[in-house]
Amino acid sequence: MAEIPFLNPALIGVGIATGVVWSAIAPERVRGAWWICGCAVLAAALAAALGFVPWFGSLRLGAYGFFLLLAFAIAWWIMRRRALASGIDPEHARVQLALAAITGILGARAWYVIEYQHEFPDPRVAFGPWLAQAADLDRGGAVWYGGLVLAMTTMVIHTLRARVPLVTWADCTAPAVLAGLAIGRIGCWFNGCCYGSVSDLPWAVSRTIPPSTPGGVAVVEHIHPTQLYETIACTILAILVARVAPGRGAASGWALVGYALWRAGNETLRGDYVVRLGQGQGFSLSPLHLTSAQWTALPLFILGVWMLLRSRTPKATS
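So, in structure tokens, the structure goes:
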């Protein structure tokens, strides 16, 4: 993995977040590209000048970043093809890709910061260090569901404002999202994150645990390759969903139902975290000891079932 000198990733993160927020809440007359870029640069410079984030740092170039870029490229290709087949301006696919990339990364990072708040300084005591660590998109963790929720929200708002049929567009993006996730999980595999629990199955892979103390002995254990499980599952889902014609909500409905069920099951094989929604926050929302991903799968499953039922009714396209 190579590192190159560059602007600090936290500085870039502050700028991107500001641009997204400004484009969403600013009046129409000051929402152009120059206004968005200007506000983003101003906010990032102000945060650095006040000492909240560093000016300079380095970017890490590795397999994870490569597969992330490849995932967005494949997703755009699929969205564009289905948009053309549905009579939707392919320019809408280009704008949606940019929205998905920016808000998806920010949402995934924000969910991680919330879920793993014990890894960060207390913002009430040390806001500057907290912001610098939270906005460091290059070295921090991410939670895919957070990216999905924020990206889906912004894409829905933009689609409605563009007066593009929402259900038809949801069907266009469903296989694209699944294909992108399938490729992105290969990046997780090379990055060593999102790994599985201990397994004695023939296809289990080796993982080396560094010694906890100087001079200690590293431990090798065999674990489930949960990242590759998800790559295989999402590839199959993407192929199946892509065979469903867009327009009535069936494609997006099957995508939501299929992935929600798969993710809820695959979570039981994960070994990289034991965080439960609500733990360490003064309350508990996990009487069944479910992970946050399993809880998030529930509303996605319900939404998918609703879209499938809706697709069977007359005049379901909208």
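1017 is the number of the first residue of the sequence shown in this note's numbering; add one for each residue after it.
Where a beta carbon is used, it is the ideal one built from N, C-alpha and C, also for glycine.
- Residues Cys1209, Cys1210 and Tyr1211 of the same chain have their beta carbon placed closer than 7 Å to that of Asp1288, with the five preceding and five following residues left out of the count.
- Cβ-Cβ distances below 7 Å link Leu1319 to Leu1272 in the same chain, with the five nearest sequence neighbours on each side left out; the list follows chain order.
- Pairing Ile1248 with Phe1083 gives a Cβ-Cβ distance that is not under 8 Å.
- Looking at the DSSP output, His1238 bridges to Ser1222.
- Nearest to Leu1182 by C-alpha distance, out of Leu1306, Pro1226, Pro1262 and Gln1133, is Pro1262.
- Assignment of Leu1325 by DSSP, reduced to helix, strand and coil, places it in the helix class.
- Residue state for Val1233 is assigned as coil, using DSSP reduced to three classes.
- Under the three-pair Cβ rule at 8 Å, the segment 1154-1173 counts as touching the segment 1108-1127.
- According to the DSSP assignment, Ala1198 belongs to the alpha helix (DSSP H) that extends over Leu1182 to Asn1207.
- Ranking Phe1206, Ala1313, Ser1215 and Ala1266 by CA distance to the CA of Gln1243 puts Phe1206 first.
- Beta-bridge pairing by DSSP links Phe1143 to no other residue.
- Judged by beta-carbon spacing, Ala1148 lies within the 8 Å limit of Pro1070, meaning their Cβ atoms are closer than that value.
- Contact check for Cys1188 and Ser1102: beta-carbon distance about 6 Å, within the 8 Å limit, so the pair qualifies.
- Distance check between His1238 and each of Trp1146, Trp1219 and Trp1311 places Trp1219 closest, using alpha-carbon atoms only.
- Judged by DSSP in its simplified three-state form, Phe1136 adopts coil rather than helix or strand.
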